[in-house]
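Q:
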Amino acid sequence: MQRQWRRLRGGSRAVRMLGMLAMVAGVAGGSVGTLPAAPSPGVDFSGVVEGVKEFLKGGVANGLGAFSVFPIDLAKTRIQDQRIVAGSEVMYKNIFDTIAKVASKEGIPALYSGVTPVLIGAAPEGAMQIGTNNVVRSKLAEMRGTTIDKLPLSHDMFAGACGGLAQVVVSTPMDRVKILQQVMGKESGNAMQIVQQVGLSGLYQGAKACVLRDVFFAALYFPIYYRVKSALQEVGSKKGQKRQENLLDALVAGLAAGVPAASLTCPFDVIKTRMQSCGVGTKGCDVMVASIRSTAAELWAEGQARAFFKGLTGRVGRVAPQLAICLVVVEALNIAFPPKGK
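See below:
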């Protein structure tokens, strides 16, 4: 474990990773220009500065979005993780019942158990997902000799899937720590204690299920978002020219895209939650982790198809408004601090 941490603390690797994330965010914001034909006598850091600025925008937006609906996320996790035995009373009945019980028995702060890793991972997760999606869309449009708003549905779905796949690098360990804290409460310890107990490989427990959830979600979400926002701009357009987009467009489009994307990928989210919620004790992870197939079989035995949609209300009630808030904050930050060249 100590060797793993020593490798992770390598300064050069950390700097390279931050640089990569900044570049992705910069490209997504359209702030990284073409390379000069000849070397400049001075060093131009404008592209890096713009990239870092876009990276921070994504972090602030993602963090605010996640924090605003976090109690709903905690309730969703508790509902998905509870094992239902025939004839026994169900502890958590719905989102509101879960929030009320956690608040009364464990206190209001318990509703935010696991929020720390989410806030820490907000910026890199947003940069990887949104940045990769935007870069792939731009490349596909360039290959077709068209603009990104003219890309066919299949291309937008592919770009979204690429963004979801890139996101898994950050979302898997972030969700792993978050879920353990949400399920176990104070018994889990703080985020760093969990990392030390489960180890680096333990942080990526349930990664395959996370890939299924994030790839399919992003492949559905982004194409719907772009098309709804474009349709809203058509409303009120004059003489064939689209009016300028506004924050309300982003909010409505985000909600419209989030509901179906979150609903259809709920089974993957339930499986992922079960796989990532194994207990952490003094000897580390002390519960055998099942595969996707065995976890799915366990869920089917509990309640057949209905079991795969446990916490659906909470998932939709969290994901849709969270992403809508995130995109609205991004739009607002772009207005206040416009990317270079825009």
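Residues -29 to -1, 1 to 313 (mature numbering (1 follows the signal peptide of the UniProt record, and there is no 0)) are what the sequence shown spells out, left to right.
We put the beta carbon where it would ideally sit given N, CA and C, even for glycine.
A quick note: this is a predicted structure, and the numbers were derived from the prediction, not measured.
Use the C-beta contact count for K47: other C-beta atoms within 10 angstroms, 16 or more gives buried, fewer gives exposed.
A: buried
Q: State the Cα-Cα distance for the pair R(-17) and V61, rounded to the nearest angstrom.
A: Caution is warranted here: a pLDDT of 36 is assigned to R(-17), below 50, making its placement in the model unreliable, and the coordinate value is therefore given only provisionally. Approximately 47 Å, taken between the alpha carbons.
Q: Just to confirm, are L90 and G36 a CB contact at a threshold of 7 Å?
A: Pairing L90 with G36 gives a Cβ-Cβ distance that is not under 7 Å.
Q: Three-state secondary structure (DSSP) at L122?
A: coil
Q: Counting C-beta neighbours from all protein chains within 10 Å, is the total for V23 16 or more, i.e. buried, or is it exposed?
A: Buried.
Q: Counting along the chain, where does the alpha helix (DSSP H) carrying C181 start and finish?
A: 178 to 205
Q: Where does the unbroken alpha helix (DSSP H) through N105 begin, and where does it stop?
A: 86 to 115
Q: Got a sec? Which residues, its chain only, sit under 6 Å from V(-3) by beta carbon, not counting five neighbours each side?
A: In this prediction, V(-3) has a pLDDT of 36, which is less than 50 and means its spatial position is unreliable; what the coordinates show is noted afterwards. Same-chain partners within the cutoff: V106.
Q: Output the boundary residues of the alpha helix (DSSP H) element that contains R264.
A: Judged by DSSP secondary structure, R264 falls within the alpha helix (DSSP H) whose first and last residues are 263 to 274.
Q: Give me the Cβ distance between V40 and P292, rounded to the nearest whole Å; I'm assuming they're in contact under 8 Å.
A: Contact flag correct, Cβ pair sits at about 6 Å.
Q: Rounding to the nearest angstrom, what Cα-Cα distance links P144 and T266 in this structure?
A: 19 Å
Q: Along the chain, where does the alpha helix (DSSP H) containing A162 start, and where does it finish?
A: 162 to 174
Q: Helix, strand or coil for E77? Go by DSSP, reduced to three states.
A: helix
Q: Could you spell out the range, first to last residue, of the alpha helix (DSSP H) harbouring P231?
A: Looking at the DSSP string, the run of the alpha helix (DSSP H) that includes P231 is 218 to 235.
Q: Taking the C-alpha atoms as reference points, what is the distance between S234 and T103?
A: Roughly 23 Å separates the two Cα atoms.
Q: Grouping DSSP H, G and I as helix and E and B as strand, with all else coil, what is P309?
A: coil
Q: Between which two residues does the alpha helix (DSSP H) holding R277 run?
A: It is not in any alpha helix (DSSP H) - R277 carries neither H nor E in the DSSP assignment.
Q: What is the rounded straight-line gap between the Cα of M(-29) and the Cα of G170?
A: Per-residue confidence for M(-29) stands at a pLDDT of 38, beneath the threshold of 50, marking its modelled position as unreliable; the derived number appears in the next sentence. If you take the alpha carbons of M(-29) and G170, they lie about 6 Å apart.
Q: Taking buried to mean at least 16 other C-beta atoms within 10 Å of its own C-beta, is D257 buried or exposed?
A: Confidence at D257 is low in this model, with a pLDDT of 49, below 50, so the placement of that residue should be treated as unreliable; the coordinate-derived value is given next. Result: exposed.
Q: Looking only at its chain, what residues have a beta carbon closer than 7 Å to the beta carbon of A137, apart from the 5 residues adjacent to it on each side?
A: M99, Q100, T103
Q: Under a Cβ-count criterion, where at least 16 other Cβ atoms within 10 Å of its own Cβ denotes burial, should T69 be classed as buried or exposed?
A: buried
Q: Within its chain, find whatever has a CB closer than 6 Å to the CB of S248; leave out the 5 residues flanking it on each side and keep chain order.
A: D52, I150, V154
Q: Could you round the C-beta distance between I50 and G285 to whole angstroms and report it? I think they count as a contact, below 8 Å.
A: G285 and I50 do touch by the CB rule: their CB atoms are close to 6 Å apart, below 8 Å.
Q: Touching or not, the region 177 to 192 and the region 116 to 136, by the rule of three or more beta carbon pairs under 8 Å?
A: yes
Q: Should I306 be listed as close to the ligand HEM, given that the test is whether its C-beta is under 6 Å from any heavy atom?
A: The ligand content of the structure shown is nil, which means the ligand HEM is not present either.
Q: How is S142 classed by DSSP in three states: helix, strand or coil?
A: helix
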